[in-house]
Each structure stands twice: as C-alpha cells, then as structure tokens.
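Trainee: When we follow my numbering, the leftmost residue of the sequence shown carries the number 33, and every step to the right adds one. C-beta: ideal position from N, C-alpha, C; glycine also. Given the structure is predicted, the values throughout are model-derived calculations rather than measurements. Input: one structure, supplied below.
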Amino acid sequence: MKKLNIRQFGIGTIMKYRPLISSDSKYVFTIGDACVYVWIAKTGECLRLINHNSNSTDQINIVAIAINPNNQLQLCIAEQNGIINVWDYEDGILIHTIKVEMEIIDLYSIVNSGLYLFVKNTKNVYSLSRIESIRHKSSPIVLFDKLPCLPKAISFDKKGELCVFINVDGTIIYILNLINNQIKNILITKKNLSYHDKITCAQIHPNEESIALGTQSGRIALWYNFINSTNKEPTVSYLHWHSLPVLCLAFSVDGSYLLSGGHECVLVKWLYRKSEPTFRPRLGAPIIHVTSSSDQTFYVSTHSDNSLHIIGSNLSIQQTIGGINHMFLPQQASLPAANSIIQIFLRNHP
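Pasting the structure below:
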C-alpha cells in the first residue's frame, strides 16, 4: 500500500473568509489564523505564508484581503485592529503599512477606483470609506458615514459604481450608489420574493443592473430594474435547483455565468438569464464560498470541512487542498501535535 505523504503548512481554518484569486490567475489566497496562504493555482502547492510572524505573541485577526488596485502584484491584508499591510506576494516582502485607526469589517478592491473599507468606530457605527492611492500615509475618504446596519454579503459591480449588501436577518437589501452617494433599501416582501423567503447571500452583476439573491428555500432570485425604474418593486425571475439554503453566489467576470453552492455539496453553473444549470457534484462538504478567476479558466470553492477545490471551467476538479483535524486521525499516526493540518491531493491521486 502506497504511503500518503502529508505536509503540514499551518494551523487553523481556510474557509471562514472568501478566497481571492490573483489578477493573472496564477495564485489563490486564503486567510488562515494570523496569516495568509499563497497557493499556486496550477499545482496546488503552498508558495508561502505572508503576514505571519512566528516570533510574535500578539493575536492577529485578519478579516479581509484584496489585490492592490494600483499594483496588481501586491496584496492588501486587513487586520481587525485597523492595520492594512501591503505585500509583494510573489517575493514575500512587506511594502508598507496603512493605519486606519478603526475596526475593519471588510475590504474590497476596484481597479481604477480604489480600495473600499467597511469599518466600525468606537460607538458601533458602521461606515464605508475609500482609499484612492495605496501609500504609506494614505487617508481614507468617507463615502457613507453611517450605514444602517452591519453589512453582510457585500458585493460591488466592476466599475465601483454600485454596492449591495444585506442585513444580518436577510430581510432588507441595501443598494449604495457610489456616484451620487445615495443609499436605497428594499424590504423583502411577497411581491419581490416568492414565499416570503429570507436572503442568505447576494451578488451584483458585474456589468448590468441586476442582483442575484440566494434564499433559504433554495431559490435564486434575479432582480432587474431596481434603480431607475418607476416601479417600486424590481422585476424578478427565478432559478431553482437547490433544495436547501443557497450559501454562496458568484458571477463570472464577464457576467455570462452565475455560480451557486450550498448544503448539497454541488457546484451549480448557470447560464445567466436562462435556467440551464450544469453541475459539479460530490464535492464532499457544503460550499461556503465560491469565486471565479479573471481569465475565467477556473473557479475556487471553499467548504465547511476546511477544504478548497480548484475547479476548471468545464467543472472538472483540478486540485484539492484539504483540511484535516488531528482528532480524526488514528492514535498511532506519527504527526505533529496541532489543531489542524493542510493536505494537498493532486489530480493523479488514486
């Protein structure tokens, strides 16, 4: 029997936060405990850990990562304490540090627009700011000084003109117009969402005035004409395959396909505006996050069992990076004591 070679890369979860793919589609970034893993997409190998200091005793809580909008070869790593570290991820060099001095909730990057920060102040008020030029002494420009709630399921369009998020209860959708700094909220009703569902996730179309909404019932609602229309309610159509709550949604970069995942452990690829799904079944665990590469040649999904799949555009599995908790290993296994280890399964693994 061939012995399985297991390599330990680090401790902690890789599925709590959404994964990120580099602009050239060569690397996949995942947030671990106090560090970011840089994976080579083609081989599944871990290139390095960044933002990691093994000698430090300080607890570092990384909450978001984004590509530097001014330099596509740099990665911005946001810590909850208001620190943004900008790294050259290929060489593993820290370029500079930006101090926001507020608790960071999330971070998004829009090319030719800037870095968007969702933050919380000491009075528990949430706001949205933008950093246009990523430099050592950059100061955020406040766009919305008081958001109505803690934003969940955040997404932006490609141009950085619209932002969509939902409230924690999944009952209200907020649409931010970043051009004129206006905010619009739409309450979920039986008219705009059949069966009075609650929203579990949301994704704005990169190029069109459309939002995809995942629901508790498993339906995906597509909303159109929700900004400039004279009607109070948006135009709605539905996609339905999931029998359990939809946990994640993602559009391809050009918006021609919509990806969805949930508890069924199946990645569903929809032809946009048409109810024509194709499937990648038996992924092993519920899909928590999914994203598409900029060249649209592969997708990345992360799962509740702390694993990650790199899936080709034809829905074939190219690489699997699996998370194993040591409590499930036999007692005689000679492995280092740790809370979890990362394991790579290559395509030719039996």
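#1: Between cysteine 233 and leucine 126, what straight-line distance do the alpha-carbon atoms span, to the nearest angstrom?
#2: Just curious, the beta strand (DSSP E) that threonine 203 is in, first and last residue?
#3: Look up tryptophan 302 in the DSSP assignment and say whether it is helix, strand or coil.
#4: What residue range is occupied by the uninterrupted beta strand (DSSP E) comprising proline 309?
#5: In its own chain, which residues sit with a C-beta less than 7 Å from the C-beta of phenylalanine 360, not counting the 5 before and 5 after it?
#6: Identify every residue that forms a DSSP beta bridge with phenylalanine 258.
#7: Between lysine 48 and isoleucine 211, what straight-line distance do the alpha-carbon atoms span, to the nearest angstrom?
#8: Under 8 Å: do the stretch 291-311 and the stretch 61-77 share three or more Cβ pairs, one atom per stretch?
#9: Comparing C-alpha positions only, which one of Gly192, Arg312 and Ala185 sits nearest to isoleucine 204?
#10: Skipping 5 residues on each side, what residues in its chain have a beta carbon closer than 6 Å to that of leucine 143?
#11: What first and last residue would you give for the beta strand (DSSP E) that runs through histidine 128?
#12: Can you grab the Cα-Cα spacing for the pair threonine 45 / glycine 146, in whole Å?
#13: Among Thr310, Leu179, Leu281 and Gln104, which residue has its Cα nearest to the Cα of histidine 237?
#14: Can aspartate 177 and valine 157 be called in contact, C-beta distance under 9 Å?
#15: Any idea which residues DSSP pairs lysine 184 with across the strands?
#16: Would you check if the distance between the CB atom of glutamate 135 and the CB atom of asparagine 117 is smaller than 9 Å?
#17: Is it buried or exposed, tyrosine 270, if we count other Cβ atoms within 10 angstroms and call 16 or more buried?
#18: Closest to proline 277 by CA distance: which of Ile99, Leu290 and Asp229 is it?
#19: Please report the straight-line C-alpha distance between histidine 358 and alanine 73, rounded to a whole angstrom.
#20: Hey, how far is the Cα of threonine 75 from the Cα of glutamate 122?
#21: Leaving out the 5 sequence neighbours to the left and right, which residues in its chain are closer than 7 Å to glutamine 112 when beta-carbon positions are compared?
#22: For glycine 316, which option in Cys297, Tyr148 and Ile63 has the closest C-alpha, if you only look at C-alpha atoms?
#23: Mapping the DSSP letters down to three states, classify lysine 222 as helix, strand or coil.
#24: Looking only at its own chain, which residues have a Cβ that is under 6 Å from the Cβ of leucine 52, when we skip the five neighbours before and after it?
#25: With a Cβ-Cβ cutoff of 9 Å, do asparagine 209 and isoleucine 259 count as a contact?
#26: By the three-class DSSP mapping on this structure, what secondary structure does histidine 168 have?
#27: Nearest-angstrom Cα distance between lysine 131 and serine 242?
#28: Please classify threonine 267: does DSSP put it in a helix, a strand, or coil?
Mentor: Well, looking at it:
#1: Those two C-alpha atoms are separated by around 34 Å.
#2: Per DSSP, threonine 203 belongs to no beta strand (DSSP E) and is neither H nor E.
#3: Tryptophan 302 falls in the strand class under three-state DSSP.
#4: Annotation: the continuous beta strand (DSSP E) that includes proline 309 extends over 309-312.
#5: At phenylalanine 360 the pLDDT is 38, less than 50, meaning the model places this residue with poor confidence; the figure from the coordinates comes in the next sentence. Within the same chain, and ignoring the five residues on either side of phenylalanine 360 in sequence, no residue has its Cβ closer than 7 Å to its Cβ.
#6: BP columns for phenylalanine 258 are empty, so no partner.
#7: Looking at the two C-alpha atoms, the distance is approximately 32 Å.
#8: Cβ pair count under 8 Å is below three, so no.
#9: Shortest Cα-Cα distance from isoleucine 204 to any of Gly192, Arg312 and Ala185 involves Ala185.
#10: It is worth fixing the name first, because residue 143 is valine in this sequence and not leucine. Excluding positions up to five away in sequence, the list reads Pro101.
#11: Its beta strand (DSSP E) spans residues 125-131.
#12: In a straight line, the C-alpha of threonine 45 is about 29 Å away from that of glycine 146.
#13: Sorting Thr310, Leu179, Leu281 and Gln104 by C-alpha distance to the C-alpha of histidine 237 places Leu281 at the top.
#14: With contacts defined as CB atoms closer than 9 Å, aspartate 177 and valine 157 qualify as a contacting pair.
#15: Within the DSSP secondary-structure output, lysine 184 pairs in a beta bridge with Ile198.
#16: Cβ distance not < 9 Å, so glutamate 135 and asparagine 117 don't count as in contact.
#17: Answer is exposed; the Cβ neighbour count stays below 16.
#18: Minimum Cα distance to proline 277 is reached at Asp229.
#19: Any reading at histidine 358 must be qualified, since the residue scores a pLDDT of 38, below 50, and its modelled position is unreliable; no value is offered.
#20: So the alpha carbons of these two residues sit roughly 15 Å apart.
#21: The beta carbon of glutamine 112 lies closer than 7 Å to those of Asn93, Val95, Glu135 and Ile136 in the same chain, with the five residues before and after it left out.
#22: Ranked by Cα distance from glycine 316, the first of Cys297, Tyr148 and Ile63 is Cys297.
#23: Coil.
#24: Apart from the 5 residues on each side of it in sequence, leucine 52 sits with its Cβ closer than 6 Å to the Cβ of Phe61 and Ile97 in its chain, given in chain order.
#25: For asparagine 209 and isoleucine 259, yes; Cβs fall inside 9 Å.
#26: Looking at histidine 168 - three-state DSSP - the assignment turns out to be coil, as it is neither helix nor strand.
#27: Cα-Cα distance, rounded: 35 Å.
#28: Strand, per DSSP.
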